[in-house]
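Every position in the sequence shown, counted from 1, becomes a number in this note's numbering once 1 is added.
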Amino acid sequence: QAIQRPKNTPALAYIKRQGRVRVLKDAFRLEENLGPMLKQRRVLLVDDIVTTTATARMASRLLMNEGDCRQVTVLAFAKG
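The structure is reproduced here in structure tokens:
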């Protein structure tokens, strides 16, 4: 629950990569007060399925930029 998705977005299953990037722009935010805990930490981001990597990339950027993480590693259980 460290990353929240307050923006209501359509299902991404049938949207191509460019559309996903557009739909996911500003869709995520960090849990309030979490920034200081993440500063210069290595973070493991777990995703159930990676198709175009758009969601993982957006979430990683958020962690790197707003969370000031040193490194973000993505672990996915499946590739679509």
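The beta-carbon is built from N, C-alpha and C at its ideal position, and this holds for glycine as well.
Give the single residue among the options whose Cα lies nearest to the Cα of residue i.
i          : options                       : result
leucine 31 : Gln41, Gln19, Met65 and Arg43 : Met65
Along the chain, where does the alpha helix (DSSP H) that runs through residue i open and close?
i            : result
glutamine 84 : Any property of residue 84 remains undetermined from this structure, which presents the chain solely from 2 to 81.
Tell me which residues share the same chain as residue i and place their Cβ nearer than 7 angstroms to its Cβ, disregarding the 5 neighbours each side in the sequence.
i            : result
threonine 52 : Gly81
From the DSSP output, which residues share a beta bridge with residue i?
i           : result
leucine 45  : Thr74
arginine 30 : Gln5
lysine 80   : Val51
Which same chain residues, not among the five before or five after residue i, have their C-beta less than 6 angstroms away from its C-beta?
i                : result
valine 47        : Leu76
valine 22        : Ala55
phenylalanine 78 : Asp49
valine 44        : Leu64, Cys70 and Val73
Measure the alpha-carbon distance for residue i versus residue j and round it to whole angstroms.
i            : j            : result
aspartate 27 : isoleucine 4 : 12 angstroms
glycine 20   : arginine 62  : 18 angstroms
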